[in-house]
Amino acid sequence: MRSVFLSILLLTGTVLAGSHGTKPNIDPERVTVSGISSGAHMAHQLHLAYSELFSGAGIVSGGPYFCADNSLLTAMGRCMDNTDEPLPVDELVAVIREQAAAGNLADTNNLADDRVWLFHGSKDVTIARLVHDATADVYAAFVPPENLVEVNDIPAGHFLAADGRGHGCDEMKPPFVGDCGYDTAGTLLGYLYPDLVDPAVEVSTELLEVTLPGADDAELLETAYLFVPAACASGEQACGLHLVLHGCAQSAEVVGTAFIEQSGYLQWAESNGIVLAFPQVEKSMVAPMNPHGCWDWWGYTGDEYAYRDGEQMKVLADWIRSLSN
25 MRSVFLSILL LTGTVLAGSH GTKPNIDPER VTVSGISSGA HMAHQLHLAY SELFSGAGIV
85 SGGPYFCADN SLLTAMGRCM DNTDEPLPVD ELVAVIREQA AAGNLADTNN LADDRVWLFH
145 GSKDVTIARL VHDATADVYA AFVPPENLVE VNDIPAGHFL AADGRGHGCD EMKPPFVGDC
205 GYDTAGTLLG YLYPDLVDPA VEVSTELLEV TLPGADDAEL LETAYLFVPA ACASGEQACG
265 LHLVLHGCAQ SAEVVGTAFI EQSGYLQWAE SNGIVLAFPQ VEKSMVAPMN PHGCWDWWGY
325 TGDEYAYRDG EQMKVLADWI RSLSN
């Protein structure tokens, strides 16, 4: 396994700074998002709600927009291990169009030139293939086929498949990064950012801890993480910005920085000038019941969870704006 050296530096500010206090120069045309599991649901929601901010999305083992319809029971039923009930894609697409017209989502025309990459492991029994297919079909209503890629043939379970990192490919355990000989993070980033160079063998750039504004009101941890490659720290080079959303039981509160370190994102970002942002969900046993620290895709933060005004959606969009400006 390639070694990764990470130093963690605590910052008391609310936005990133490079090693010399200079803010990176983010190219607004190169801001993207990806997520796995509940993070995939959130990445999908965020992409639709704020497509003026994001030029592409990577969806790893996630379901279609508004699948849960503000119900945990629905989320755990038709949106997860559903093997025999095709989801109502036409209805979900209609919801997206209606909410965009009402201003609760961004103009769907923004998606016409976006790039979308979707992954579903062939051994994933947590999110059924039917659910993944519905996500792809929803995107196909707005994104041209040449900009939409699906990967369905990797024998991985419900975790982030990696190459040379993580637990065995036939295991399911924290931090839910499995060594399946397939680099999900690299393939995903390579599609969202064409012409990437090879990943760094070692990572020496510091992983920064920052305070995430508005986290308390959105059931998020106040501490988030930023990765600013050396090439981006001076502000001289225009860099990309990629928001990475962990899945259930993958937050720093559960696994520390293991998911971040083992995922493979850092190596690609280091050598290609991509700033990475890693917000974290807070676990909760009561009000709301979210013991595994999942992103809100069923309504535990309120009825507007999937809209622009959703608590978590607003915090993430505001953070991305602050990092991009």
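Numbering (the numbering used here), first residue to last: 25 to 349. Think of the CB as a built atom: it goes at the ideal place given N, C-alpha and C, for glycine as much as any other residue.
Less than 8 Å between the beta carbons of residue i and residue j, yes or no?
i	j	result
GLY86	HIS68	yes
TYR206	ALA224	no
VAL113	LEU142	no
GLY80	ARG121	no
LEU129	LEU72	yes
GLY317	SER275	yes
LEU184	VAL84	yes
ALA64	ASP105	no
ALA255	GLY297	yes
SER348	PRO168	no
PHE283	PRO199	yes
Can you tell me whether residue i is helix, strand or coil according to DSSP?
i	result
SER308	strand
LEU220	coil
ASN133	helix
PRO52	strand
LEU154	helix
TRP141	strand
ALA92	coil
LEU40	Residue placement at LEU40 is flagged as unreliable, the pLDDT there being 45, under the threshold of 50; the coordinate-derived value follows with that caveat. Here LEU40 sits in coil by DSSP.
ILE120	helix
CYS318	coil
ALA185	strand
LEU97	helix
PHE29	Unreliable placement is indicated for PHE29, whose pLDDT of 33 sits below 50; no coordinate value is reported for it.
Looking only at DSSP bridge pairs, what is residue i linked to?
i	result
ASN106	None, per the DSSP bridge assignment.
SER58	GLY82, VAL268
CYS263	ILE50
GLU174	LEU142
VAL201	LEU184
As a quick exercise: from the options, pick the residue whose alpha carbon is nearest that of residue i.
i	options	result
GLY323	THR211, PHE90, SER58, VAL84	PHE90
LEU116	GLN286, ALA165, MET309, ALA152	ALA165
GLY188	GLY127, CYS204, PRO198	CYS204
Requested in this report: Spell out a yes or no on whether the region 253-265 and the region 290-298 are touching, meaning 3 or more CB-CB pairs, one atom from each, closer than 8 Å.
Outcome: yes
- Per the contact definition of three or more C-beta pairs closer than 8 Å, is the region 268-286 in contact with the region 301-309? At 8 Å Cβ cutoff, the stretches touch.
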